[in-house]
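Residue 158 in my numbering sits at position 72 of the sequence shown, with consecutive numbering throughout. Each remark here refers to the structure printed beneath this line.
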Amino acid sequence: MPVFCKRIESLERVGDVKQLEFEEFYRRGRDVCLRAVLAAVGDRQLAEDLVAEAFARAWAAWPRVRGHPAPRAWIVRTALNTRVSWWRRRRHEVALGDHDGRDTAGAEPDGAGLDPGLLAVLRELPRRQREVVALRVFLDLDTATTAKTLGIAPGTVTAHLARAVGTLRGHLVTLDTPEAGS
87 MPVFCKRIES LERVGDVKQL EFEEFYRRGR DVCLRAVLAA VGDRQLAEDL VAEAFARAWA
147 AWPRVRGHPA PRAWIVRTAL NTRVSWWRRR RHEVALGDHD GRDTAGAEPD GAGLDPGLLA
207 VLRELPRRQR EVVALRVFLD LDTATTAKTL GIAPGTVTAH LARAVGTLRG HLVTLDTPEA
267 GS
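Given below as C-alpha cells:
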C-alpha cells in the first residue's frame, strides 16, 4: 500500500476519534447548556437555535474548544454572543417601535426542566444577571470562571448573583404564598 494511502487512513481514524469525542461532548452537554441559555434568554425556540449555532461553531473549532478550561461555558457564552449579534443585525432591519428588546415570546419549557414560574421571573432580571445565574447556577461554574467567561470582575459576578437571587427569592416567595381567602 502506498505511503499516502496509509496517511489518509490515519487521518480518517483521527477524524473518527474527533467526531466521537465531539458527539459525546454534545450528548453530555446539550441539555445543561440549553437550560443555561434558556434561563438567560427566556425563549425556548431562541435558546434552541442559539445552542445549535454554538455547537456548530464548537464543531468547527473543536480542537480549540476541547482545550478550553470550561467547554460548556464556551458553548453558553458563544450562544449568548450569537444572540447579541442577531439582535444587532435585526435592530437595523426592524423599526424601534416594533420591538422593545425584551424576550416576551411565550416560552414553553417543554422538557427543558425549568419551572414556568421560575422562567417567568428569570425573564424579568436584567440581561447580565440572567447570564450570571445561567453560568453560576445552571452550569455550576465557579465565580472566577464565570467572570472570565463574561469578561467582568469576580466581584461583579458576586454582586449580580446576589441581586438576582434576592429578586428571585422575593418573586418566588410571592408566587408560593397562598391567596387570602383560599
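Every residue, glycine too, gets a C-beta built ideally from N, C-alpha and C.
Can you tell me whether residue i is helix, strand or coil according to DSSP?
i, result
"L200", "coil"
"I238", "coil"
"A220", "helix"
"L258", "helix"
"A147", "coil"
"G153", "coil"
"A191", "Because A191 carries a pLDDT of 45, less than 50, the predicted location of this residue cannot be relied on, and no value is offered for it."
"D226", "coil"
"D129", "coil"
"L247", "helix"
Quick check: what's the CA-CA separation for residue i versus residue j?
i, j, result
"R249", "G241", "12 Å"
"R121", "P155", "20 Å"
"R116", "L124", "12 Å"
"D102", "Y112", "15 Å"
"R152", "A144", "9 Å"
"L106", "L247", "36 Å"
CB-CB under 6 Å to residue i, same chain, minus the five flanking residues each way: which ones, in chain order?
i, result
"T164", "A140, R143"
"V137", "C119, L120, V123, A165"
Could you name the residues of the same chain whose beta carbon sits closer than 7 Å to that of residue i, not counting the 5 residues immediately before and after it, in chain order?
i, result
"I253", "The question names Ile, but residue 253 in the sequence shown is Thr. Within the same chain, T253 has close Cβ partners L211."
"A126", "L166, R216, E217, A220"
"R158", "G115, V118, C119, L225"
"V162", "C119, A122, V123, A220, L221, L225"
Applying the criterion that 16 or more other CB atoms from any shown protein chain within 10 Å of the CB defines a buried residue, is residue i buried or exposed?
i, result
"A133", "buried"
"R169", "buried"
"G237", "exposed"
"H185", "Residue confidence is low: H185 scores 39 on pLDDT, short of 50, so the model does not pin down where it sits. Its coordinate-derived value is still stated next. Label assigned to H185: exposed."
"R130", "buried"
"A239", "exposed"
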